[in-house]
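Residue numbers (our numbering): 1 to 324.
We treat Cβ as the ideally placed atom computed from N, Cα and C, and that holds for glycine.
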C-alpha cells in the first residue's frame, strides 16, 4: 500500500503539471551557475506552432488586429492561481487536496520593435508568495511556498510578431533546480508564450471568431488544444475576447523525474475544458487582463513491482492575470 500511495503522489504531480492552459530564484545555496531554457531550440523545433483559423469575420466595420507597442513600454503583471484538486485511488475513498492561493508578480518591458513588426520583450519575476489559508495544513503551505519563492529573480526574453505569434522565448534558470521544479518553470515559460494571443491575418469586426489549434508536448505528454476566441468589444485599441478552451490527450505512457525507479505510468485519458475573457492593448504592452477557469480530468494506471492501481484526478483552476 505504501508503494501505491507513493505512486499516487507522483501521478498527482504529473497531473498538476499538464492540467493548465498554455510563466520562472534561486535559493542562496543554489545560486551557482545558470543555464538557458530556450523554447526556440526545443518546443518550437519539435512541434508545429499554433495554427490560426478564422471562423467568422464579424460585423462591419472590420480592421486587421495588429500589436503595435512602443519600445520601452512597461507593465507589471500579477498572476493569481487558485486550484482545487480531487483524487481517487482504486479501492480508496476520494480525497480532496486543499491548495493555497498562489500570487506571482513579474515586470515586463518592450525592449525593441523591429521594422517588420516583431516585438522583443524581457521579463523578470519580482515576487511570489502563498496567500495565508487556515484550511491548508501548515506543512503544505511551507513546502509550496519554498518552491514558489524560487521564481523570484528569474528572468527571460521573448520575440512575438505583430499578430501575437511566438517566434522565440528564452529563460535563464539556475543549474541546480531539481527536475520537478525545472518542469514547473518550463511550463510557466509557455504562459509567457501566450502573453499576446494569436489573432487572424484577416480584417475582423465585432462578433468575429477564430480558432487557435496547437499540439504541444508538455512534460512528455502529447496534447491537443483548441482555443476559440470571439471579439466582443474593440474600443480605444483595446480588444476584449471571450475564450473557450478544449484539451485532449490520447492514451500514452507518462514520464516524469518524480516517478520512483521501476514505476510505469500510463495515462488512459485526459480532457480539459475552460472558459474565460481576456483584454488586449493593441498599442501598449499587450496583455491587460486575463481570467480563465479550467477543469481537467485525468485517468491513469500505475505499475511497480507487480502492483497495479488506477487513479483519477480532477483539477479545477482559476487563473487571473492583471497588469498595470
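Practice item. Classify residue 382 as buried or exposed, calling it buried when 16 or more other Cβ atoms lie within 10 Å of its own Cβ. Key: With the chain covering only 1 through 324, there is no way to say anything about residue 382.
Review point. Nearest to residue 158 by alpha carbon, out of 169, 67, 152?
Key: The shortest Cα separation from residue 158 among 169, 67, 152 belongs to 169.
Review point. Tell me which same chain residues have a C-beta within less than 6 Å of the C-beta of residue 97, skipping the five on either side of it?
Key: Closer than 6 Å at the Cβ level, and outside the excluded window around residue 97, lie 85.
Check your understanding: Once you ignore the five residues that flank residue 66 on each side, which residues in its own chain have a CB closer than 8 Å to its CB?
Key -> Hits under 8 Å: 117, 162, 163, 199, 282.
Exercise for review: Compute the Euclidean distance between the alpha carbons of residue 291 and residue 54, then round it to the nearest angstrom.
Suggested key: Going by the C-alpha atoms only, they are around 23 Å apart.
**Study point:** Buried or exposed (CB count within 10 angstroms, at least 16 for buried), residue 298
**Key:** Its Cβ being crowded by 16 or more others within 10 Å, residue 298 is buried.
Review point. Since residue 142 is in the alpha helix (DSSP H), which residue starts that stretch and which ends it?
Key: That run of the alpha helix (DSSP H) goes 138-148.
Check your understanding: Buried or exposed: residue 296, going by 16 or more other Cβ atoms within 10 Å of its Cβ?
Key -> With a 10 Å radius around the Cβ and a threshold of 16 neighbouring Cβ atoms, residue 296 comes out buried.
Exercise for review: Taking 8 Å as the cut-off, decide whether the C-beta atoms of residue 312 and residue 294 are in contact.
Suggested key: Cβ atoms of residue 312 and residue 294: not closer than 8 Å.
**Study point:** DSSP bridge partner residues for residue 291 (one or two, in chain order)
**Key:** According to DSSP, residue 291 bridges with 277, 320.
Practice item. For residue 240, collect the residues of the same chain with a Cβ closer than 6 Å to its Cβ; drop the 5 residues on either side in sequence, then sort them by chain order. Key: Excluding positions up to five away in sequence, the list reads 232, 233, 279.
**Study point:** residue 55 in three-state terms, based on DSSP
**Key:** In this structure, residue 55 counts as strand in the three-state DSSP scheme.
**Study point:** Supposed close pair residue 136, residue 317 - CB separation, criterion 8 Å
**Key:** About 16 Å separates the two Cβ atoms, so there is no contact after all.
**Study point:** Alpha carbon of residue 212 to alpha carbon of residue 93, nearest angstrom
**Key:** Here the alpha carbon of residue 212 sits roughly 39 Å from the alpha carbon of residue 93.
Point to revise | Residue burial classification, residue 75 (beta-carbon count within 10 angstroms, cutoff 16) | key: So residue 75 counts as buried.
Review point. Is residue 223 helix, strand or coil when you go by DSSP?
Key: Looking at residue 223 - three-state DSSP - the assignment turns out to be coil, as it is neither helix nor strand.
Point to revise | Contact belief for residue 72 with residue 110 at Cβ below 8 Å, rounded distance in angstroms | key: Confirmed, Cβ separation roughly 7 Å.
Point to revise | Between the CA atoms of residue 69 and residue 112 - distance to the nearest angstrom | key: For residue 112 and residue 69, the distance between alpha carbons rounds to 9 Å.
Check your understanding: Are residue 83 and residue 285 closer than 8 Å when you measure CB to CB?
Key -> Note that the C-beta distance between residue 83 and residue 285 is not below 8 Å.
Exercise for review: Would you mind stating whether residue 249 and residue 206 have Cβ atoms separated by less than 8 Å?
Suggested key: No, Cβ-Cβ distance for residue 249 and residue 206 is not below 8 Å.
Exercise for review: Could you tell me the distance, in whole angstroms, from the CA atom of residue 88 to the CA atom of residue 300?
Suggested key: Spanning the two alpha carbons is a distance of roughly 10 Å.
Exercise for review: Please go through the same chain and pick out, in chain order, the residues whose beta-carbon is closer than 6 Å to the beta-carbon of residue 267, but skip the five residues on each side of it.
Suggested key: So the list reads 252, 254, 300, once near-sequence residues are dropped.
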